[in-house]
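Chemist: Quick note, the sequence shown lines up with residues 4 to 265 if you use our numbering. Have a look at the structure that comes next, please.
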Amino acid sequence: MAMHKKTIDQLAEHLENCQLHAKDTLKITDDHPDMDWKDAYDIQDEVLARKLRRGARVVGFKAGLTSHAKMKQMNVDSPVFGFLVDEFSVPEGGEVKISELIHPKVEAEICFITKHELRGPGCNIASVLAASDVVLPGIEVIDSRYRDFKFDLKSVVADNTSASRFVVGGQIADARSVDLRTLGVVFEINGEAVALGAGAAVLGHPAAAVAMLVNHLGERGQVLPAGSLVLSGGVTEAISVKAGDHVNLRIQHLGSVSLRFV
Ligand code: 0L1
Ligand code: MG
């Protein structure tokens, strides 16, 4: 169904208000069962447009649900894509206020910064590596606006794939100098290892998630600009957090990055 622009605007306003005021909602397909993928990404684009009108700056993009662990956890079978703006960014070792979120979870991610513009269709792992500058560790804080995480994928896309905060840091490495498939990942909460993984958990190679993002943008007539940060998706399942939790992500050869919930 091609939704009316007025409905798209209303749903974008509703979802963005839920994000800004940490209020949950029922999944939007309950009232709009015929919403299609284009409608869902159009709503996400309108959420972004609202932020840009208020002066936000796009700092990157994210691929989500790119590992089998995450797909199994959420009972879904395909990746989704979203945007990152400056208001989501947390400084390395910084604090995230639980009161500003609904039910946050953290994800361990291998992140890319691109050096050249990437354009789909036809983007693949090799084109991503050739256009990438560096890779580095990142923790994504996801916070679905849907009550009790009860949603379907189209509702998740409209809700900018649950994006809420992220931190990147650690020790950057040339994207071509490390084998991203075999990088070991240790995710710690309060000093205890809570999940382990390796880069290959993300679609066999984390650059494959970036290529899928680029091809998705290409279908919508968009490109991945040079200098973009891309979160390639959680290597392990997402972990719920509470006030007082200190989260640390260590990635082999890439150092560590952390944040604290207060
Ligand atoms: O970053 C992601 O893996 C997207 C997750 C979207 C669904 C969720 O809220 O778990
Ligand atoms: Mg993620």
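Every residue, glycine too, gets a C-beta built ideally from N, C-alpha and C. Note that the coordinates shown come from a computational prediction; the quantities given were computed from them, not determined experimentally.
What three-state label does DSSP hand H208 in the structure shown?
Modeler: In the structure shown, H208 sits in coil (DSSP, three-state: anything other than H, G, I, E or B).
Chemist: What is the DSSP secondary structure of N78, reduced to helix, strand or coil?
Modeler: The answer is coil: DSSP assigns N78 none of H, G, I, E or B.
Chemist: According to DSSP, simplified to helix, strand and coil, what is F64?
Modeler: Strand, per DSSP.
Chemist: Quick one: what's got a C-beta closer than 8 Å to D248's C-beta in the same chain, skipping five residues either side?
Modeler: Same-chain partners within the cutoff: I192, N193, R263 and F264.
Chemist: Starting from S158, trace the beta strand (DSSP E) in both directions and tell me its first and last residue.
Modeler: Run containing S158: none in the beta strand (DSSP E); it sits in the alpha helix (DSSP H), L156 to A161.
Chemist: Within 7 Å: the Cβ of L234 and any heavy atom of the ligand MG?
Modeler: Yes.
Chemist: May I ask which residues mark the beginning and end of the alpha helix (DSSP H) holding P19?
Modeler: For the sequence presented, residue 19 should be read as Glu rather than Pro. That run of the alpha helix (DSSP H) goes K8 to H24.
Chemist: Quick check on DSSP: helix, strand or coil for T185?
Modeler: Three-state DSSP puts T185 in coil, outside helix and strand.
Chemist: CB-CB under 8 Å to T28, same chain, minus the five flanking residues each way: which ones, in chain order?
Modeler: Contacts found: H17, L18, C21, R148, Y149 and R150.
Chemist: For a test of the three-state rule: what should DSSP assign to V109, helix, strand or coil?
Modeler: Correct three-state label for V109: strand.
Chemist: How many Å lie between E195 and L252 at the Cα?
Modeler: One C-alpha to the other measures close to 11 Å.
Chemist: Decide if the segment 131-149 is in contact with the segment 163-174; the criterion is three or more beta carbon pairs, one per stretch, under 8 Å apart.
Modeler: They touch, by the three-pair rule.
Chemist: Using CA coordinates, which residue listed in A43, L23, H24 and A25 is at the minimum distance from I31?
Modeler: Among A43, L23, H24 and A25, the Cα nearest to that of I31 belongs to A43.
Chemist: Could you say which of E222, V188 and R179 lies nearest to A204 if we only look at CA atoms?
Modeler: Measuring from the Cα of A204, the nearest candidate turns out to be V188.
Chemist: Is there at least one non-hydrogen atom of the ligand 0L1 closer than 7 Å to the beta-carbon of V252?
Modeler: According to the sequence displayed, residue 252 carries Leu and not Val. False, no ligand heavy atom lies under 7 Å from that Cβ.
Chemist: Would you mind working out which of I242, L132 and I175 sits nearest A229, comparing C-alpha positions?
Modeler: The shortest Cα separation from A229 among I242, L132 and I175 belongs to L132.
Chemist: By alpha-carbon positions, which one of T10, G67, S165 and R60 ends up nearest to D37?
Modeler: Considering only alpha carbons, the answer is T10.
Chemist: Report the rounded CA-to-CA distance for M215 versus C126, giving the unit in angstroms.
Modeler: Straight-line Cα distance between these residues: approximately 8 Å.
Chemist: So is P94 buried or exposed if we call it buried at 16+ other beta carbons inside 10 Å?
Modeler: Answer is exposed; the Cβ neighbour count stays below 16.
Chemist: Any chance the segment 71-82 sits against the segment 91-108, with 3 or more Cβ pairs inside 8 Å?
Modeler: Judged by Cβ distances under 8 Å, the segment 71-82 makes no contact with the segment 91-108, as fewer than three pairs qualify.
Chemist: Starting from S130, trace the beta strand (DSSP E) both ways and give me its first and last residue.
Modeler: That residue, S130, is in no beta strand (DSSP E); its alpha helix (DSSP H) goes I128 to A134.
Chemist: Give the range of the beta strand (DSSP E) segment to which A266 is assigned.
Modeler: Nothing about residue 266 can be reported from this structure: the residues present for the chain run from 4 to 265 only.
Chemist: Please state the DSSP three-state secondary structure of S102.
Modeler: In this structure, S102 counts as helix in the three-state DSSP scheme.
Chemist: Look at the alpha carbon of D48 and the alpha carbon of F190, and state the distance between them as a whole number of angstroms.
Modeler: Cα-Cα distance, rounded: 32 Å.
Chemist: Could you check if T185 is buried or exposed, using at least 16 other CB atoms within 10 Å of its CB as the buried criterion?
Modeler: Flag for T185 reads exposed.
Chemist: Residue range of the beta strand (DSSP E) that V233 falls in?
Modeler: Residues L232 to G237.
Chemist: With a threshold of 8 Å, are at least 3 pairs of Cβ atoms found where one atom belongs to the segment 217-226 and the other to the segment 108-127?
Modeler: Taking 8 Å as the limit for Cβ pairs, the verdict is that the segment 108-127 does touch the segment 217-226.
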